[in-house]
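*Asks:* Right, I'll just put the structure down here and ask away after.
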Amino acid sequence: MSLLHFAIISPLILAIFIPMLHKYFHKIHTGWFLLPLPALLFFYFMSYFPETAHGESVTETLPWIPSLGIDFAARIDGLGLLFALLITGIGALVVLYSIFYLSKEKEKLNQFYVYLLLFMGAMLGVVLSDNLIVLYSFWELTSFSSFLLIGYWNHRERSRYGAQKSMLITVFGGLSMLGGILLLYLMTGTFSISEIIGMAGEITGHQFFIPALICFLLGAFTKSAQFPFHIWLPDAMEAPTPVSAYLHSATMVKAGIYLVARLTPVFAVSGLWVWLVAGIGILTLFWGSFSAVKHNDLKGILAYSTISQLGMIMSMLGVGGIALHYGNVEDGFYTVAITAAVFHLINHATFKGSLFMVVGIVDHETGTRDIRKLGGLMTLMPITFTLAAIGTFSMAGLPPFNGFLSKEMFFTGMLRAKEIGLFNFETLGILFPIVAWIASVFTFLYSMILVFKTFTGKYQPEKLEKKPHEAPVGMLIPPVILVSLVVIIGLFPNIIETLIESVMGAILPSLLAEGHEFHVHISHWHGFDSPELWMTAGVIIAGILLYRNLPRWSGIYNRMPERFSLNRFYDTGLEKTQLGAMRFTGLYMNGFIRTYLVYIFTFMIFILGTTMVYKNAFKLDTSNVANIHYFEVVLAAIIAISSITILFSKSRLTSIILLGAVGYTVSLFFVIFRAPDLALTQLVIETVSVALFLLCFYHLPKLGKNEERMGFKLGNLLVSIGVGAIVTLIALSAHSNKEFNSISEYYVENTYKKAGGENMVNVILVDFRGFDTLFEITVLGIAALGIFAMIKLRMTRGKEQG
Numbered sequence: 001m002s003l004l005h006f007a008i009i010s011p012l013i014l015a016i017f018i019p020m021l022h023k024y025f026h027k028i029h030t031g032w033f034l035l036p037l038p039a040l041l042f043f044y045f046m047s048y049f050p051e052t053a054h055g056e057s058v059t060e061t062l063p064w065i066p067s068l069g070i071d072f073a074a075r076i077d078g079l080g081l082l083f084a085l086l087i088t089g090i091g092a093l094v095v096l097y098s099i100f101y102l103s104k105e106k107e108k109l110n111q112f113y114v115y116l117l118l119f120m121g122a123m124l125g126v127v128l129s130d131n132l133i134v135l136y137s138f139w140e141l142t143s144f145s146s147f148l149l150i151g152y153w154n155h156r157e158r159s160r161y162g163a164q165k166s167m168l169i170t171v172f173g174g175l176s177m178l179g180g181i182l183l184l185y186l187m188t189g190t191f192s193i194s195e196i197i198g199m200a201g202e203i204t205g206h207q208f209f210i211p212a213l214i215c216f217l218l219g220a221f222t223k224s225a226q227f228p229f230h231i232w233l234p235d236a237m238e239a240p241t242p243v244s245a246y247l248h249s250a251t252m253v254k255a256g257i258y259l260v261a262r263l264t265p266v267f268a269v270s271g272l273w274v275w276l277v278a279g280i281g282i283l284t285l286f287w288g289s290f291s292a293v294k295h296n297d298l299k300g301i302l303a304y305s306t307i308s309q310l311g312m313i314m315s316m317l318g319v320g321g322i323a324l325h326y327g328n329v330e331d332g333f334y335t336v337a338i339t340a341a342v343f344h345l346i347n348h349a350t351f352k353g354s355l356f357m358v359v360g361i362v363d364h365e366t367g368t369r370d371i372r373k374l375g376g377l378m379t380l381m382p383i384t385f386t387l388a389a390i391g392t393f394s395m396a397g398l399p400p401f402n403g404f405l406s407k408e409m410f411f412t413g414m415l416r417a418k419e420i421g422l423f424n425f426e427t428l429g430i431l432f433p434i435v436a437w438i439a440s441v442f443t444f445l446y447s448m449i450l451v452f453k454t455f456t457g458k459y460q461p462e463k464l465e466k467k468p469h470e471a472p473v474g475m476l477i478p479p480v481i482l483v484s485l486v487v488i489i490g491l492f493p494n495i496i497e498t499l500i501e502s503v504m505g506a507i508l509p510s511l512l513a514e515g516h517e518f519h520v521h522i523s524h525w526h527g528f529d530s531p532e533l534w535m536t537a538g539v540i541i542a543g544i545l546l547y548r549n550l551p552r553w554s555g556i557y558n559r560m561p562e563r564f565s566l567n568r569f570y571d572t573g574l575e576k577t578q579l580g581a582m583r584f585t586g587l588y589m590n591g592f593i594r595t596y597l598v599y600i601f602t603f604m605i606f607i608l609g610t611t612m613v614y615k616n617a618f619k620l621d622t623s624n625v626a627n628i629h630y631f632e633v634v635l636a637a638i639i640a641i642s643s644i645t646i647l648f649s650k651s652r653l654t655s656i657i658l659l660g661a662v663g664y665t666v667s668l669f670f671v672i673f674r675a676p677d678l679a680l681t682q683l684v685i686e687t688v689s690v691a692l693f694l695l696c697f698y699h700l701p702k703l704g705k706n707e708e709r710m711g712f713k714l715g716n717l718l719v720s721i722g723v724g725a726i727v728t729l730i731a732l733s734a735h736s737n738k739e740f741n742s743i744s745e746y747y748v749e750n751t752y753k754k755a756g757g758e759n760m761v762n763v764i765l766v767d768f769r770g771f772d773t774l775f776e777i778t779v780l781g782i783a784a785l786g787i788f789a790m791i792k793l794r795m796t797r798g799k800e801q802g
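The structure is reproduced here in C-alpha cells:
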C-alpha cells in the first residue's frame, strides 16, 4: 500500500480507535485527538502541488479484483488535489470549531467523530479514485455517513426525517450513477476514468452514450441538490452546525460538482450534456435564491443559498463544456465559464463555511436562529458581526471580496455563451444571462437579510433564550481563517491562478494535449464599458430597492400553494408508497408457510419452465443411461408410496414413521450405488431425526378435529406436480446435454495425487471444498451459540421471576 492510499483511508482507520480514545480519555474533548489528522493530510496533499501545477498527475495502483478490472487506483491531478485540499483544510477547521461547539458532557462525541471520519475518508476516496467502481463504493459511503451525521440528534423527529430524506434521494442518484458506470464499461471495456477519458471520442455515437450520460447526471444532480432534487438539503440543516459547515459548504454537496467536472471530457461533446448541466444549473440558481428570501431561519436561508450557489457552479460547468463541443479556446472565449466555476468553487467554500460557523455562533450564544427574534447584536457580538458582514458581502458579489470576482466572471461566461452556436438569440440561450442577473438580485437580497436582520435593528432580549455575548476564541478562529481567505483572495486573486490553471487542465485534458495552454488572469477592473460592471450595479440597485420594500411584496410567497410544492409531492409520494407496499404485502404475507411455499414454487416453475422453452433446452438422451433393476423400482415405489401416505395420515406418529421409511430407503439407494459413506451418514442422520421428532411430538397436544383433515386443494396439487415435473425434466435434460466431461474425473485423478487421501468423499469435503466446510461449521457454531444464549436468557429470566 502506497502512502497515497494510506492517506485516503487514514480517516477510516482512525475512526476505529475513536471509541477507545473517548472511553479512556473522557476528560479530554475527543476532537483534540482528531484534529491533527486533517491538518497533516492537508500539508501532505499540498506536497503534490508542484507536480499538478505543471499539468502532471500521480497515480498509485493497489490490486483489488484484477480479474474484473477493479483496482484501488488513486490518482491526483489538479482537480483531485483541489477537492482534497478543501476536504482536509475545511475539515480541520470544522473539527476545531466542533471542539468548542459540542459539549463533551452532553453529546455523544465518540459517535459524532466516528461519523465525521467516515465521511472525510469517503470524500477523499471519491475525489482521488481513478476506478469508477471504487469511486461508487466511496460515493455510497458518503451517503451513509452523511445520513448518520444529519440524524446525529436522533431524538429529534426532524433530524430523523432529514436524514431519511437525504438518504433516499442521494442513494437513488447513486444507483442511477451505478447504471451509468456499467454502461460506460460496456462501451469502453474499462472502469479506469483516465482510460475512459482517453477513449471519449470513440464512444460518442454508441447507443449507450445518452443513457449513460443521463444516469451520471442523476447521480450528480441528487448529490449536489440540483432542482428538483434540492429538497433534501434544507431538511439536512437539522444536523449540528459543524456538520452543515462541512457537508453543505465544501464537501458532500460538491461531490456532484466534482463528478460533472471529472466527466466533462467524456460527455461535454454532446449538446445534451451542455444543455442539461447548464439549464438545470441556472434553474437551480434562480429557484434557490428566490426561495431563500422567504425563510426566517438563518440556516434555512443558508440552505437555499447553498442550493443557489451550487446551481451557479453547475451552470458554469455546463456552459464551459462548449469548449469541448467546439474545440476552440482562443483568447479563453469558451473556457471563461470553467475558470469561473473553479474560482467560485473555492470562494464558496470560504465564505459559506464561515457563514455557517457564524450562524452556529449566533445560535449557540442566543439560543435561536429565528431572524424575527434577533436584531441589534452588532454591539454585543462585534467580531461575529464583522465575520458575517464580510462573508455575506462576498456571497452577494460585492467588492473587494473574492465572491465579487467570481460573480463577475460568471456574468462574463453567461454573456459569451449566448453569442456562440449552441446558445444564441435564436434559441433559449438568451435566457441564461437574464436569469443569471435576476438570480443575482435575489442573492444580494437574501445576503442583506442574513446580516442586517440579525445584527442591526432593534435588540429583543425578551425573545432570546440566552443573554448574547461574544463567542469563545476557539469558535472564532475557524471563521476568522476562512474570512481572511475571503479578503486575501479578493485583494490578491492571482495567488491561486496556478491552482485554477491546473484544475482547468484536468477538466479539459484533450485541449491541453492539443497544445492549448490555460492562462488565468483575474482582475478587479475591466473598464466602464464592461457590461458585467453595469450588471453588478443593476444587481445592487435592484437588491436595495427590494430589501427596503420587502414587506410590500413578500406576500407573493404566501400565494404559492403549498400543496403543489416539491416537498409535499415527496411526502405524499413516500406516504402513498408505504401504504401501497403495506397493502400489497398484506396480500401474500398471511402468516402461513404453506402459502409462501406456493408463491415460491409457482415462481420457480414459471421462471425455469419459460427459460427451458425459450432456450429449447428440453432433451432426453437414454443412450448412456444405466439399466434399471427391479429392486430399484421397488425402492422407488416405497419412497413414493410413503411420501404420498404422509399427506393422508391422521397421526403424527404415523407421519414420523413414514418419513423415516423414506430416509432409510434413500440410504439403501446409496448402498446400491456404492456410496457407503453417504449411506452411513444418511442412516445416522435419519435415526437421530426420527428420535428427535418422536421426542418433540410426544409433548404436543393431540390433533384436533379441524387439524386431522386438511381439505383438498387443487392448486397445491398442481404446484406439487409442477415442481416435481420441472425438476425431473431439468435433471434429465442436464444429463442429456453434457457439453464437457464430468468434474468427477478430476477428483478421481487428483484425490491421492494432490490431496494425499484415499477416501474421495472425505478429501472433497476437507480439501477441495475446505472453505465451504469451514463456513458450514461456522454457521452451525453461530446457531449453537445463539441457541445457548437464548436458553441461558430464559433461565435467567425464570430465576428473576421466581
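Its first residue numbered 1, the sequence shown is counted upward by one per residue in full-length UniProt numbering.
We treat Cβ as the ideally placed atom computed from N, Cα and C, and that holds for glycine.
From a predicted model like this one, the values you see are computed outputs, not experimental measurements.
Please classify N131: does DSSP put it in a helix, a strand, or coil?
*Replies:* Taking the sequence shown and counting its residues from 1, the one referred to as residue 131 is at position 131. In this structure, N131 counts as strand in the three-state DSSP scheme.
*Asks:* Out of S249, V274, Y599, which has the shortest C-alpha to C-alpha gap to V260?
*Replies:* Counting from 1 along the sequence shown, the entry for residue 260 is found at position 260. Looking at the Cα atoms, V274 is the closest of the given residues.
*Asks:* Could you tell me if M177 is buried or exposed, where buried requires 16 or more neighbouring beta carbons within 10 angstroms of its beta carbon?
*Replies:* For the purposes of this step, residue 177 is taken as residue 177 along the sequence shown, with counting starting at 1. So M177 counts as buried.
*Asks:* Counting only runs that start and end within the region 425 to 467, where is the alpha helix (DSSP H) found for 4 or more residues in a row?
*Replies:* The region 425 to 467 contains these whole alpha helix (DSSP H) runs: 431 to 455.
*Asks:* Beta carbon of A255, beta carbon of T88: below 9 Å?
*Replies:* Here residue 255 refers to the residue found at position 255 of the sequence shown. Here residue 88 refers to the residue found at position 88 of the sequence shown. No, these two residues do not count as a Cβ contact at 9 Å.
*Asks:* Distance check for I338 and R262, CA to CA, integer angstroms please.
*Replies:* Translated into the one-based positions of the sequence shown, residue 262 becomes position 262. Translated into the one-based positions of the sequence shown, residue 338 becomes position 338. Distance between the alpha carbons of R262 and I338 is about 12 Å.
*Asks:* Closest to S57 by CA distance: which of S502, N750, E745 is it?
*Replies:* Translated into positions along the sequence shown, residue 57 becomes position 57. Closest option to S57, Cα to Cα, is S502.
*Asks:* For N347, which residues from the same chain have a beta carbon less than 8 Å from its beta carbon, with the 5 sequence-adjacent residues on both sides left out?
*Replies:* Locating residue 347 in the sequence shown gives position 347, counting from the first residue. Closer than 8 Å at Cβ, skipping near neighbours: S394, N402, G403, L405, S406, V486, I489.
*Asks:* Exposed or buried, what is N567 when buried is set at 16 or more other beta-carbons lying within 10 Å of its beta-carbon?
*Replies:* Indexing the sequence shown from 1 puts residue 567 at position 567. Burial call: exposed.
*Asks:* So which of N131, T443, R372, I607 has the shortest CA-CA distance to T544?
*Replies:* The residue you call residue 544 lines up with position 544 of the sequence shown. In the sequence on display, residue 544 carries Ile and not Thr. Among N131, T443, R372, I607, the Cα nearest to that of I544 is on T443.
*Asks:* By the 10 Å Cβ neighbour count, where 16 or more other Cβ atoms means buried, how is T188 classified, buried or exposed?
*Replies:* Along the sequence shown, one-based indexing puts residue 188 at 188. It counts as buried.
*Asks:* Output the distance between the C-alpha atoms of L175 and W64, rounded to the nearest integer angstrom.
*Replies:* Counted from its first residue, the sequence shown places residue 175 at position 175. Counted from its first residue, the sequence shown places residue 64 at position 64. Taking the straight line from one Cα to the other gives about 22 Å.
*Asks:* With a 10 Å radius around its C-beta and 16 neighbouring C-beta atoms as the bar for buried, classify I672 as buried or exposed.
*Replies:* Position 672 of the sequence shown holds residue 672. With fewer than 16 Cβ atoms within 10 Å of its Cβ, I672 is classed as exposed.
*Asks:* Less than 7 Å between C-beta atoms, sequence neighbours within five positions excluded: which residues of the same chain meet that for S649?
*Replies:* In the sequence shown, the residue the question calls residue 649 occupies position 649. Result list for S649: S655, L658, in chain order.
*Asks:* Rounded to whole angstroms, what is the Cα-Cα separation between V336 and L398?
*Replies:* Taking the first residue of the sequence shown as position 1, residue 336 is located at position 336. Taking the first residue of the sequence shown as position 1, residue 398 is located at position 398. Roughly 20 Å separates the two Cα atoms.
*Asks:* Helix, strand or coil, according to DSSP, for P19 in the structure here?
*Replies:* As a first step, residue 19 must be located in the sequence shown, where it is residue number 19. Here P19 sits in helix by DSSP.
*Asks:* So, with DSSP's three-state summary, where would you put D363?
*Replies:* On the sequence shown, position 363 is the one that residue 363 refers to. In the structure shown, D363 sits in a helix (DSSP, three-state: H, G or I).
*Asks:* Going by the CB atoms, is the gap between F208 and F267 shorter than 9 Å?
*Replies:* In the sequence shown, residue 267 corresponds to position 267, counting from 1. In the sequence shown, residue 208 corresponds to position 208, counting from 1. No, Cβ-Cβ distance for F267 and F208 is not below 9 Å.
*Asks:* Please look up how many angstroms separate the CB atoms of I196 and T190, rounded, as I've assumed it's under 8 Å.
*Replies:* Looking up residue 196 in the sequence shown gives position 196. Looking up residue 190 in the sequence shown gives position 190. That pair is a contact at about 6 Å.
*Asks:* Can you grab the Cα-Cα spacing for the pair S192 / G125, in whole Å?
*Replies:* In the sequence shown, counting from the first residue as 1, residue 192 sits at position 192. In the sequence shown, counting from the first residue as 1, residue 125 sits at position 125. Rounded to whole angstroms, S192 to G125 spans 14 Å at the Cα level.
*Asks:* When the distance is taken between beta carbons, is A250 closer than 9 Å to L4?
*Replies:* The count along the sequence shown starts at 1 and reaches residue 4 at position 4. The count along the sequence shown starts at 1 and reaches residue 250 at position 250. Taking 9 Å as the Cβ cut-off, L4 and A250 do not qualify as a contacting pair.
*Asks:* Mapping the DSSP letters down to three states, classify D235 as helix, strand or coil.
*Replies:* Locating residue 235 in the sequence shown gives position 235, where the first residue counts as 1. D235: helix per DSSP, three-state reduction.
*Asks:* In angstroms with no decimal places, state the Cα-to-Cα distance between G555 and V539.
*Replies:* The count along the sequence shown starts at 1 and reaches residue 555 at position 555. The count along the sequence shown starts at 1 and reaches residue 539 at position 539. Computed Cα separation, rounded: 22 Å.
*Asks:* Write down the C-beta distance between I639 and T665 rounded to the nearest angstrom, noting that I regard them as a contact closer than 8 Å.
*Replies:* The count along the sequence shown starts at 1 and reaches residue 639 at position 639. The count along the sequence shown starts at 1 and reaches residue 665 at position 665. I639 to T665, Cβ: 5 Å. Contact.
*Asks:* Indicate whether F601 and V719 have their beta-carbon atoms separated by less than 9 Å.
*Replies:* The sequence position of residue 601 within the sequence shown is 601, counting from 1. The sequence position of residue 719 within the sequence shown is 719, counting from 1. Yes.
*Asks:* Find the nearest neighbour of F112 within the set A122, G121, S98, judged by alpha-carbon distance.
*Replies:* What you label residue 112 is simply residue 112 of the sequence shown in a count that begins at 1. Minimum Cα distance to F112 is reached at S98.
*Asks:* Does the distance from the C-beta atom of S129 to that of A73 stay below 9 Å?
*Replies:* Sequence index remark: in the sequence shown, residue 129 carries index 129 (1-based). Sequence index remark: in the sequence shown, residue 73 carries index 73 (1-based). The answer is yes: Cβ separation under 9 Å.
*Asks:* Which ranges would you report for the alpha helix (DSSP H) in the region 54 to 118 if only whole runs of at least 4 residues count?
*Replies:* Taking only runs of at least 4 residues, the alpha helix (DSSP H) segments lying wholly in the region 54 to 118 are 78 to 101.
*Asks:* Taking the alpha helix (DSSP H) that R372 belongs to, which residues open and close that run?
*Replies:* Locating residue 372 in the sequence shown gives position 372, counting from the first residue. Per DSSP, R372 belongs to no alpha helix (DSSP H) and is neither H nor E.
*Asks:* Let me confirm a value: G78 is counted as buried when at least 16 other C-beta atoms fall within 10 Å, else exposed. Which label applies?
*Replies:* The sequence position of residue 78 within the sequence shown is 78, counting from 1. G78 is buried by the Cβ-count criterion.
*Asks:* Below 8 Å on the Cβ atoms is my contact criterion, and I expect P479 with S305 to pass it. Report the Cβ-Cβ distance as a whole number of Å.
*Replies:* The residue you call residue 479 lines up with position 479 of the sequence shown. The residue you call residue 305 lines up with position 305 of the sequence shown. The pair is not a contact, with the Cβ atoms about 16 Å apart (cut-off 8 Å).
*Asks:* Quick one: using the 10 Å Cβ neighbour count with 16 as the cut-off for buried, is S651 buried or exposed?
*Replies:* Numbered from its first residue, the sequence shown carries residue 651 at position 651. Burial call: exposed.
*Asks:* Buried or exposed: C696, going by 16 or more other Cβ atoms within 10 Å of its Cβ?
*Replies:* Mapped onto the sequence shown, residue 696 falls at position 696. It counts as exposed.
*Asks:* Among the residues of its own chain, which have a CB less than 6 Å from the CB of V598, if the five just before and after it don't count?
*Replies:* Counting from one through the sequence shown, the residue named residue 598 turns up at place 598. If we look at V598 and ignore the five residues flanking it on each side, its Cβ neighbours are V719.
*Asks:* How long is the line joining the alpha carbons of F6 and P382, rounded to whole angstroms?
*Replies:* Numbered from 1 along the sequence shown, position 6 holds the residue referred to as residue 6. Numbered from 1 along the sequence shown, position 382 holds the residue referred to as residue 382. One C-alpha to the other measures close to 43 Å.
*Asks:* With 16 other CB atoms within 10 Å as the buried threshold, where does E749 fall?
*Replies:* The residue labelled residue 749 in the question sits at position 749 within the sequence shown. The residue is exposed, with fewer than 16 neighbouring Cβ atoms inside 10 Å.
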